[in-house]
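As given, the protein sequences belong to chains A and B, one line each in that order.
Position in the first sequence (first residue = 1) + 98 = my numbering.
Position in the second sequence (first residue = 1) + 98 = my numbering.
Beta carbons: idealized from backbone N, C-alpha and C, even for Gly.
Remember, it's a predicted structure, so these values are computed and weren't measured experimentally.
Data first, discussion second: the structure below is written as structure tokens.
Number of protein chains: 2
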Amino acid sequence: MAPTRMSRESLVPLLAAHVLQNGLAAASLRPLAKAAGTSDRMLIYHFGTKDALVAALLEYLAGMFAAALDTAFPKDRSASRRACAQTVYAITEEPQFAPFFRVWWDIVAGCSDDNAAYLDAAGGMMDVLLAWVVDHLPADDPDPQAGARAVLTVIEGAQMLRAVGCGDIAEAGLAALEGRPA
Amino acid sequence: MAPTRMSRESLVPLLAAHVLQNGLAAASLRPLAKAAGTSDRMLIYHFGTKDALVAALLEYLAGMFAAALDTAFPKDRSASRRACAQTVYAITEEPQFAPFFRVWWDIVAGCSDDNAAYLDAAGGMMDVLLAWVVDHLPADDPDPQAGARAVLTVIEGAQMLRAVGCGDIAEAGLAALEGRPA
DNA sequence: AGCGATCTGTAGCGCTCGCTACAAGCCTGC
DNA sequence: GCAGGCTTGTAGCGAGCGCTACAGATCGCT
């Protein structure tokens, strides 16, 4: 195809696209290279190690996540903490988010092995999401910092329940939260 | 060692112990066999397939989980929905639960690939936990079914945040929930 | 005792994994 | 123009993977 020189920067988006389609845990060098139009040999050349490649990939995915929050999510504030959680839950139910969540649970599983790159990526994404929630709580929330943490906790729980096929529990759980700030 | 005959039933606990120490995603036949004092050859003989072995393992782990709820967790009811969630969070913080959670996040990640065995195991564990929460809400909770779903959602969210190194968010989030039933 | 079914060890198949050795291209600076 | 670096292709290494073929060993049964 394009005979242009390759670099980490040009490769990472192509690799990320493949990972979003096929999962992170199952990603190995040869299929990744094929998806990026190169060879495993060159991936090692550019990144040095598969671990370094995955670390670059995680950083890129965290950036993608932050960008997605600014585009796919509404700009206005919610009417209540509960409504804020339900909004995020409903939006992330859209099918275009499924690939991202598949990777997300691979990241969470990777964190359980105390892998620094995974922990960094996950922590970064949670920080971004927490800041977003703070900005989208009702303007009259008495304690946005605490409220955002409560909302983020229920959001993540709901998404885990949905991931394991218990979306009904998640929806009922969200609906049963307090409607107004405590 | 003991030259006694082996069977699925006698093997599964030994295999489960190895998986709890080393994770589920990384488990392969030869190390599993070594941990159980046999050979990969015999594991395939008894289970037919690695997938079938994993399915049996997941079923066993789900049973272990149900049993653990009855022993490690308090018998009395909580004073509030929030207290119930905080109790479960505090107990599962004990180090002896770490191996179980490592496997748990592997299961969640496996569910994202629509693997039936993983979905069954995860759904079973959530059902057991949900029933436990129903029984441990305050006796005067106005809607135990809905309340238990809300509590379960925040518990799972808190545990995910803890898994990715954001335990501080989880604890603040739990503390900011409503103290009494909505 | 002897036969058939049930178990188990040895060896190895074909495959993929991350990674490397070696050599050839290519592009830049003198 | 040509020397020396940066980039790339080919081929393969050693290891581990799930799984199987084959041959004994062992057991229950008549």
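Which of the three DSSP states, helix, strand or coil, is assigned to residue i?
| i | result |
| --- | --- |
| C264(A) | coil |
| R106(B) | helix |
| T283(A) | The requested residue 283(A) is not part of the displayed model; chain A covers only 99 to 280. |
| G146(B) | coil |
| A270(B) | helix |
| T190(B) | coil |
| L113(B) | helix |
| P197(B) | helix |
| R175(B) | coil |
| G161(B) | helix |
| P129(B) | helix |
| A134(B) | coil |
| G255(B) | helix |
| G121(B) | coil |
| M99(A) | Caution is warranted here: a pLDDT of 40 is assigned to M99(A), below 50, making its placement in the model unreliable, and the coordinate value is therefore given only provisionally. Coil at M99(A), not helix or strand. |
| D225(A) | helix |
| R211(B) | A quick correction: the sequence has Asp, not Arg, at residue 211(B). In this structure, D211(B) counts as coil in the three-state DSSP scheme. |
| A248(B) | helix |
| L156(B) | helix |
| P236(B) | coil |
| D241(B) | coil |
| L275(A) | coil |
Count the other CB atoms within 10 Å of the CB of residue i; is the residue buried (16 or more) or exposed (fewer)?
| i | result |
| --- | --- |
| R179(B) | buried |
| A229(B) | exposed |
| T251(A) | buried |
| P240(A) | exposed |
| S210(A) | buried |
| Y216(A) | buried |
| D295(A) | Chain A is shown only over 99 to 280; residue 295(A) falls outside these bounds and no answer can be derived. |
| V231(A) | buried |
| Y187(B) | buried |
| P279(A) | Note that P279(A) scores a pLDDT of 43, beneath 50, so its modelled location is shaky; the value from the coordinates is reported in the next line. Result: buried. |
| A177(A) | exposed |
| A165(B) | exposed |
| A196(A) | exposed |
Give me the Cα-Cα distance between residue i and residue j, rounded to the nearest whole angstrom.
| i | j | result |
| --- | --- | --- |
| A124(A) | H116(A) | 11 Å |
| N120(B) | L112(B) | 13 Å |
| D149(A) | D266(B) | 28 Å |
| N213(B) | G222(B) | 14 Å |
| A274(A) | T147(A) | 48 Å |
| R260(B) | H234(A) | 23 Å |
| P341(B) | K173(B) | Residue 341(B) lies beyond the residue range present for chain B, which begins at 99 and ends at 280; the question has no answer from this structure. |
| T136(B) | E269(B) | 44 Å |
| A114(B) | F145(B) | 14 Å |
| R139(A) | A153(A) | 18 Å |
| D225(A) | A134(B) | 43 Å |
| A183(B) | L272(B) | 7 Å |
| P101(A) | Y143(A) | No answer about P101(A) holds up, because its pLDDT of 46 lies below 50 and its placement is not dependable. |
| L227(A) | E276(B) | 22 Å |
| D218(B) | L151(B) | 15 Å |
| P242(A) | T185(A) | 17 Å |
| A220(B) | R175(A) | 34 Å |
| C264(A) | A181(B) | 23 Å |
| Q257(B) | M258(A) | 10 Å |
When the distance is taken between beta carbons, is residue j closer than 8 Å to residue i?
| i | j | result |
| --- | --- | --- |
| V110(A) | L155(A) | yes |
| V206(B) | V201(A) | no |
| L63(B) | F199(B) | Because chain B in this structure spans residues 99 to 280, residue 63(B) falls outside the shown range and cannot be described. |
| L122(A) | D204(A) | yes |
| E254(A) | G255(B) | yes |
Below 7 Å, is the gap between the Cβ of residue i and the nearest heavy atom of the ligand ATP?
| i | result |
| --- | --- |
| L127(B) | Only the bare structure without any ligand can be found here, which leaves the ligand ATP out of the picture. |
Three or more C-beta pairs under 8 Å: does that hold for the stretch 144-163 of chain A against the stretch 238-246 of chain B? no
Is the stretch 99-118 of chain A close to the stretch 185-197 of chain B, with three or more CB pairs under 8 Å? The stretch 99-118 of chain A, when compared against the stretch 185-197 of chain B, does not touch it at the 8 Å Cβ threshold.
Does the count of Cβ pairs from the stretch 169-187 of chain A and the stretch 126-138 of chain A closer than 8 Å reach three? no
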